[in-house]
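Working notes for the structure below.
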Amino acid sequence: MSFPWANHYAPKHPLMKWIDDRLPLPRLVYNAVGAGYPVPRNLNYFWNFGVLSGAALAIQIVTGIVLAMHYAANGLVAFDSVEHIMRDVNSGWMLRYAHANGASFFFIVVYLHIFRGLFYGSYKAPREMVWLLGLVIFLLMMATAFMGYVLPWGQMSFWGAKVITGLFGAIPVVGTPIQTWLLGGFAPDNAALNRFFSLHYLLPFVIAGVIILHIWALHIPGSSNPTGIDVKGPQDTVPFHPYYTAKDGFGLGVFLILYCAVLFFAPNAMGHPDNYIAANPLSTPAHIVPEWYFWPFYAILRAFTVDFILPAKLWGVIAMFGSIILLFFLPWLDKSPVRSGNYRPAFKKFFWLLVIDVLILGYCGGSPAEEPYVMISQLAAAYYFAHFLIILPIVSRMERPLPLPNSITEAVLEKHGNAAA
Amino acid sequence: MVRPIAFLAGLGFVFVLLFSLVTGAVAYISEPPAKTAEHEFHLHPKEVSFASDGPLGKFDRQQLQRGFQVYKEVCSACHSLHQVAFRDLKDLGFTDAEVKAIAKNWATEVPSINPETGEPATRKGTPADKIPAPYANEVAARAANNNALPPDLSLMAKARHDGGAYIYSLLTGYQDQPAELLKHFPDAKTPASLHYNPYFANLNLAMPPPLAADGQVTYADGTKSTVDQMAKDVSAFLIWTAEPKLEKRHATGIAVLGFLLIATILAYLSYRNIWAGIKH
Ligand code: HEM
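Just so you know, the protein sequences line up as chains C and R, in that order. Residues 1 to 421, numbered by full-length UniProt numbering, are exactly what the first sequence covers, in order. Residues 1 to 280, numbered by full-length UniProt numbering, are exactly what the second sequence covers, in order.
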């Protein structure tokens with residue numbers, strides 16, 4: 001940790017000392033999430049979502065491993081094996097609903113986590129690496145969730161897999177061979193189902209590994225904060241434990257309440273009814289839609305309807321991947337020296353416009369590919385790209401930021417309207 | 001370097017999107033998409049309530065038994081219920097002996113082999129068996145139904161939006177094709193082999209009205225078997241077959257939420273307590 005006033009680990013119990021001398025794991029934990037990690041005292045609740053993402057990953061891994069004990073990755077029996085879990089495995093219905101809704105809640109908290117970073121400029125120096133690793137996690141999450149959704153082998157599983165792998169078919173020349181290679185056949189079948197299961201089991205552990213790097217990179221400069229200004233001294237921070245462990249504990253409680261309310265009382269609200277119909281390659285569903293957390297990207301994919309030099313489908317594929325890839329360049333697109341959106345009046349307006357824009361894209365992505373949804377998604381997708389690639393670079397150059405407080409402590413005291421520390 | 005390239009890429013995407021938008025808008029105005037009969041005449045499911053609705057919902061066992069009777073005496077002629085085993089029927093309040101009798105007397109027998117010759121054969125059902133399907137395979141099912149396939153009903157209540165209400169509406173929704181429809185969409189006349197039903201996605205359904213007359217089944221508990229009552233009962237039964245663990249889920253949910261509420265209040269108080277001296 002880079003702050004000189006960070007607490008140092010001093011084992012209290014002889015056993016801990018014995019372990020720490022031989023394997024400094026207690027020290028590592030103390031410095032990473034214990035009293036040895038000083039954190040700005042002014043974090044708001046948006047800083048809870050990192051820990052909540054970790055909790056969601058843990059829930060997915062635990063429920064997923066037990067589900068895998070009862071699931072059969074074979075096209076002939078996969079659908080029925082899931083129903084077997086729902087009906088005959090003890091508490092199997094709870095495991096399955098916990099895992100399916102856990103994926104949705106994972107995306108909810110990660111999206112809030114990402115938008116927190118966008119608003120407070122967390123992607124800027126010196127936290128670029130934290131941001132980049134976060135995006136790697138996000139891509140891995142999307143791959144994991146996509147393959148997981150294929151496993152129950154319902155209608156949307158099958159047709160979703162077909163549409164998404166079909167995107168690779170848009171690549172000129174090598175597209176079709178790549179698609180066939182990915183699927184192990186010309187259409188999703190047993191080979192695809194098996195490899196998706198294998199990878200779906202593997203990737204969460206890769207994610208766990210990248211999260212370790214993400215947090216490691218975070219702990220070099222330490223957490224940012226709602227003012228976006230740097231920590232100046234010990235008075236600006238509190239030790240992670242007990243202060244933020246307590247706050248995260250409360251946040252976790254609220255998260256679990258919302259999650260369990262859905263899990264137990266509306267477990268299918270975020271799913272698609274067609275996935276309760278067994279996969280049938282001969283019957284195409286009326287509207288093929290992915291899970292809700294992919295809707296904004298799906299809308300971008302479908303917004304390109306005209307061949308212009310490249311085929312429309314290829315444009316859609318490039319734009320869909322581009323919409324995520326461009327986030328990797330964000331630290332170098334937004335050059336404003338001020339991090340927090342609270343002190344950037346113009347940026348702040350565009351930020352909220354982006355939030356609304358992404359919600360509109362999501363709505364259109366979940367709707368059938370008909371007018372007016374296509375036209376609306378064309379406008380919304382245009383704003384999405386314009387926002388990051390054109391508006392942000394210009395705004396960051398033109399804008400006059402508001403005066404920043406001198407220190408975190410000053411900002412805190414000002415908020416409380418008195419001078420005593 | 002990053003910013004000029006980004007700027008160009010941004011302009012490129014925006015240009016192609018707006019080009020698509022204009023092309024689409026022109027096409028939309030010059031050739032507005034034709035209205036379809038499905039679009040104009042399809043109806044959302046009727047309002048109907050079941051005992052299992054809501055966070056505290058429980059099944060009405062009497063109703064489930066009646067619904068099972070409707071399935072057994074009417075629907076099971078065409079529709080399988082392939083996820084449900086006879087033993088599961090104990091959930092409806094049947095005794096072991098009753099379940100055994102139901103299994104043994106089921107209209108279709110369970111596929112099996114002759115223990116002496118190894119030839120395909122059938123045998124009487126037992127509680128451990130899944131409810132046997134009415135047809136041996138899809139070809140047989142289609143052959144008997146004008147080439148339409150009666151789908152398995154086990155998960156029907158979850159495989160349609162608002163499933164319970166949808167099944168009820170479908171069963172009670174058969175009617176003559178409205179004159180309005182034929183006036184505006186003369187091509188959309190229901191073919192002779194199909195039946196008009198505005199609750200079905202494409203309005204014309206291959207299933208003949210299965211519940212056609214009051215008194216089609218005779219309920220053991222004396223309830224009057226109107227078409228409406230039978231439709232409601234069989235819908236309730238199919239909500240159960242789709243989600244047999246619903247009551248357990250609701251009960252567990254209440255306990256879990258109660259626990260989490262208390263734990264979260266305690267976590268909040270300890271958070272306030274720890275931060276008491278610190279302005280933030
Ligand atoms: C599996 C998913 C993820 C987990 C478990 C995770 C975990 C964490 C944790 C525990 C923190 C510190 C607490 C906090 O600031 O909230 C953090 C910080 C951060 N994360 Fe993530 N993260 C995940 C995904 C992402 C993604 C997808 C992004 C962005 C694309 C991202 C960007 C960041 C940034 C920029 C910070 C530093 C925030 C600051 O201090 O200002 N994370 N992450």
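Every residue gets a Cβ at the ideal spot worked out from N, C-alpha and C, and that includes glycine.
When only Cα atoms are considered, Ser225 of chain R and Gln216 of chain R end up about 7 Å apart. Chain order gives no chain R residues near Gln60 of chain C, where near means a beta carbon separation below 9 Å; the closest approach is about 18 Å. Rounded to whole angstroms, the Cβ separation of Lys279 of chain R and Val412 of chain C is 5 Å, and the two are in contact under 8 Å. Note that the region 396 to 408 of chain C does not touch the region 292 to 305 of chain C; fewer than 3 beta-carbon pairs, one per stretch, sit closer than 8 Å. When CB distances to chain R are screened at a threshold of 7 Å, the residues of the region 362 to 380 of chain C falling below it are Glu371, Val374, Met375, Gln378, Leu379, in chain order. Secondary structure at Arg87 of chain C: helix, using DSSP grouped into helix, strand and coil. Proximity to Leu67 of chain C across C:Gly365, C:Arg96, C:His13 peaks at C:Arg96, based on C-alpha coordinates. Here Gly341 of chain C carries a helix assignment [DSSP, helix/strand/coil]. Relative to the Cα of Gly36 of chain C, the nearest Cα in the group C:Trp295, C:Gly271, C:Thr245 belongs to C:Thr245. Taking the CA atoms as reference points, Gly166 of chain C sits about 25 Å from Ile360 of chain C. If you draw a 10 Å sphere on the C-beta of Thr227 of chain C, you find 16 or more other C-beta atoms in it, and that means buried. Comparing alpha-carbon positions, the option among R:Val14, R:His250, R:Ala6, R:Lys158 lying closest to Thr241 of chain R turns out to be R:Lys158. A contact between stretches requires three or more CB pairs, one per stretch, nearer than 8 Å, and the region 150 to 157 of chain C meets this requirement with the region 76 to 83 of chain C. Burial of Arg116 of chain C is indicated by the presence of at least 16 other C-beta atoms within 10 angstroms of its C-beta.
Listed along chain R, the residues sitting closer than 7 Å to Ile277 of chain C by beta-carbon distance are Ala159. Neighbours of Thr264 of chain R across chain C, judged by C-beta separation under 8 Å: Phe250, Gly253, Val254, Leu256, Ile257. With respect to chain R, the C-beta atom of Asp274 of chain C has a partner C-beta closer than 8 Å. Here Phe385 of chain C is buried, its C-beta having at least 16 other C-beta atoms within 10 Å. Taking 8 Å as the cut-off between beta carbons, none of the residues of the region 343 to 357 of chain C comes near chain R. Taken in chain order, the whole alpha helix (DSSP H) runs of length 4 or more contained in the region 150 to 210 of chain C are 155 to 168, 175 to 183. Straight through space, the alpha carbons of Ala32 of chain C and Pro234 of chain C are spaced by roughly 18 Å. Secondary structure of Ala133 of chain R (DSSP, three-state): coil. Any Cβ of chain C closer than 8 Å to the Cβ of Lys245 of chain R would place that residue at the interface, and such an atom is present. Closest in C-alpha terms to Gly362 of chain C, from the list C:Tyr343, C:Glu371, C:Ser377, comes C:Ser377. Short of 6 Å from the beta carbon of Trp131 of chain C, and not among the five residues preceding or following it, lie these beta carbons of its own chain, in chain order: Tyr123. Between Phe49 of chain C and Gly222 of chain C a beta carbon distance of about 17 Å is seen, past the 8 Å cut, so the two are scored as non-contacting. Contacts between Phe7 of chain R and chain C, judged by CB atoms closer than 8 Å, involve Leu389, Ile390, Pro393 in chain order. Nearest CB-CB separation between Leu301 of chain C and chain R: not below the 8 Å threshold. In the DSSP assignment, Ser53 of chain C falls outside any beta strand (DSSP E) and within the unbroken alpha helix (DSSP H) covering 49 to 68. For Ala303 of chain C, the enclosing alpha helix (DSSP H) stretches over residues 295 to 303.
When secondary structure is reduced to three states using DSSP, Ile29 of chain R falls in the helix class. Cβ-Cβ separation between Phe41 of chain R and Leu194 of chain R: approximately 14 Å, too far for a contact (criterion under 8 Å).
If you check the CB distance, Thr264 of chain R and Val254 of chain C come in under 8 Å.
Residue-level contact check: Leu413 of chain C touches chain R, since one or more beta carbons of chain R fall below 8 Å from its beta carbon. Note that the region 246 to 261 of chain R touches the region 256 to 272 of chain C; at least 3 beta-carbon pairs, one per stretch, sit closer than 8 Å. By the Cβ test, the region 113 to 120 of chain R is not in contact with the region 30 to 47 of chain R, since fewer than three Cβ pairs between them sit closer than 8 Å.
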